[in-house]
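**Q**
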Amino acid sequence: MTIRSISILGATGSIGASTLDLVRRVRGQWRVIALTAHGNVAELARLAREFEAEIAVIADEARLPELRAALAGSGIEAAAGTAALVEASSRPADLTIAAIVGCAGLAPTMAAIERGGMVGLANKEALVSAGGVMTSAVARHGATLLPVDSEHNAIFQCLAGNDPAHVRSITLTASGGPFRDWSAEQLATATPAQAVKHPNWDMGAKISVDSATMFNKGLELIEAHHLFPVGLDALRIIVHPQSIVHSMVEYRDGSTLAQLGPSDMRVPIAAVLAWPERMDTPCAPLDLGSIGELTFRAPDEVRFPATRLARAAAEAGGAAPAVLNAANEIAVAAFLAGQIAFNRIAAHVEQLLSCYVPPAPACLADVVAVDAEARQRALALMEPA
Ligand code: NDP
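Positions 386 to 770 (the numbering used here) are the ones given, in order, by the sequence shown.
Structure follows, in C-alpha cells:
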C-alpha cells in the first residue's frame, strides 16, 4: 500500500470535513501535512491532533496563542497569518485540497500550484479571480488541477478518454437553489436563514447564498471556461432541481455523457482523492426508482441575473471576473449580516462591474490588488449616499 500525503486548506469547513471523513476511513493510507482554518481554533486543533498533522495554521494571527495552547505537547507546529498559510501550502504534499472560501484562498492555492503538486480545487473564487494567471501557473509548474466542484468533477469524468476536440457543448446543471420557484416580490423579502437552507446540499453559508442567487452557477461557468477547452458559447446552464445529474458533455456525434450520483460532496471528493483510481465511499447508492423523475428547465435570468452577469464578465475577460467575484463576496457578507436585501446582491455586483474596469491582471500580485480595490469600491457603493 502506498502512503500518500495530503494538505487541506480550509479543513474546518464543509468540504474540509467531507474530505477528512473520507481520509478517516482509510486512515493508514494518508499522512496529513497541513491543516488550515480561519478562526475556528478548537476544531482546527482537534483535527490536527486526530490526524497527527505536521502543521496547523490559523489565518487570524490574533488566535495564534490560543492555537499554540491547544496544541501544546502534541509536537504539531502551530502558525498563523497569510504568510504562514502560503508557507504551509508550499510544503511538499502529494495532494492539496483547496477548500478555503473566497478569494482569501488564492495565495495558498497558488503556492500549492507553484510547487507543481496535485491540487483538488473546491475554492472556485480563486480560479474565477485569477483566471489565466492560475491556469498558466498550472502549465508552467507542471501542476495538476483536479476539480472538486461536483459539476466540474462530473465534466472531468465525462471528458476522460475522449478527445476534447470532439466536444460540441458542456451543460452545467443547477439545482436552482431554495428560491427557484419564488416570485420577484418574494425574492425581495428572502432572509439569510432561508437562503442558507439549501434543498439538496449541506454547504457553507457563502456558497449556499451563491446557490440561492445563482451566482454559484455564474462562478462555475467562469470556472468551467478556464478548466475545459471549449468556447464560452458552448457552455450552457440548465436547472435540474433534483441535483442528481451533476453535468453533461455533448459530443459532435450527438452522444451526451452525463455523470449521476447522490447529492453528497463526498462522491466528487472521493474521485479526486483516488484519481485516477476509485475508492469506496459511505454515500447512499443512487436509487433512481425512488427518485422517480429527473426534470430540467431553462434558467430564468430575469429573476436570477447572476448567470447573465457572469457570462458577460467572462466575455469581457481581463479583470472583470475578479471584480464580479469581489463584489459578490462583499454583497453576500452584507446580506448575511442583514445589511442589504437579497435582490440587491446582483444589483450591487452589476453596479460595480459597470463603473470599475481595471486592466487585466498579469500576475498574482495584480489579481490580489484588483480584488482588494474591488472590495473597497463595493463597500463604498453600499454606504448610504
Ligand atoms: P465553509 O464556510 O464551510 O468553510 C470555509 C473554510 O475556509 C473554513 O475552514 C474556514 O475556516 C476557512 N476560511 C474562511 N475564511 C478564511 C480566510 N479569510 N482565510 C483562510 N481561511 C478561511 O465553506 P465550504 O466548505 O462550503 O466551501 C469552501 C469552498 O469550496 C468554497 O469556495 C465553495 O464555493 C467551494 N465548494 C463548496 C461546496 C460545498 O458543498 N460546501 C461544493 C462545491 C464547492 P473557519 O472554519 O475557521 O472559519
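Don't be surprised by glycine CBs; every beta carbon is placed ideally from N, CA and C.
1) Going by the C-beta, is S399 closer than 8 Å to any heavy atom of ligand 1?
2) Span of the beta strand (DSSP E) holding S628?
3) Mind pulling the beta strand (DSSP E) runs of 3 or more residues that sit fully within the region 435–472?
4) I'd like to check one pair, N538 with H631: are the Cβ atoms closer than 9 Å?
5) What does the alpha-carbon distance come out to for the pair I725 and I715?
6) Hey, is T598 close to ligand 1, as in C-beta under 8 Å from one of its heavy atoms?
7) Helix, strand or coil for R621, going by three-state DSSP, please let me know.
8) Which full runs of the beta strand (DSSP E) of 3+ residues lie inside the region 468–510, going along the chain?
9) Give a single yes or no on whether A489 has its beta carbon closer than 8 Å to a heavy atom of ligand 1.
10) Given a threshold of 16 other Cβ atoms within 10 Å of its Cβ, counted over all protein chains shown, does N547 qualify as buried or as exposed?
11) Sorted by chain position, which residues of the same chain lie with C-beta nearer than 6 Å to G603's C-beta, five sequence neighbours on each side aside?
12) What would DSSP say about M633, mapped onto helix, strand or coil?
13) Measure the C-alpha to C-alpha separation of G723 and F564 and round it to an integer number of angstroms.
14) For A754, which of helix, strand or coil comes out of DSSP?
15) Specify whether the region 423–436 and the region 396–414 touch according to this definition: at least 3 beta carbon pairs, one from each stretch, less than 8 Å apart.
16) Kindly examine ligand 1 and report whether one of its heavy atoms sits closer than 8 Å to the Cβ of I592.
17) Strictly by DSSP, which residues pair up with R389?
18) Report yes or no: do three or more beta-carbon pairs, one from the region 703–712 and one from the region 742–750, lie closer than 8 Å?
19) To the nearest angstrom, how far is the alpha carbon of V687 from that of I418?
20) Since Q571 is in the alpha helix (DSSP H), which residue starts that stretch and which ends it?
21) Measuring from the CB of M650, is there a heavy atom of ligand 1 at a distance below 8 Å?
22) Given 8 Å as the limit, tell me if A444 has its C-beta closer than that to any heavy atom belonging to ligand 1.
23) With A464 and V442 assumed to form a contact (beta carbons below 8 Å), what rounded beta-carbon distance in angstroms separates them?
**A** For this structure:
1) yes
2) In this chain, S628 is not harboured by any beta strand (DSSP E), its DSSP state being neither H nor E.
3) 440–443 and 462–465
4) It is a contact, given that the beta carbons lie within the stated cut-off.
5) 11 Å
6) no
7) strand
8) 480–483 and 503–506
9) yes
10) exposed
11) Excluding positions up to five away in sequence, the list reads A691, T692 and A695.
12) strand
13) 18 Å
14) Of the three classes helix, strand and coil, the one that applies to A754 here is helix, per DSSP.
15) Note that the region 423–436 touches the region 396–414; at least 3 beta-carbon pairs, one per stretch, sit closer than 8 Å.
16) yes
17) W415
18) yes
19) 46 Å
20) Note, Q571: alpha helix (DSSP H), A569 to L572.
21) yes
22) yes
23) 5 Å
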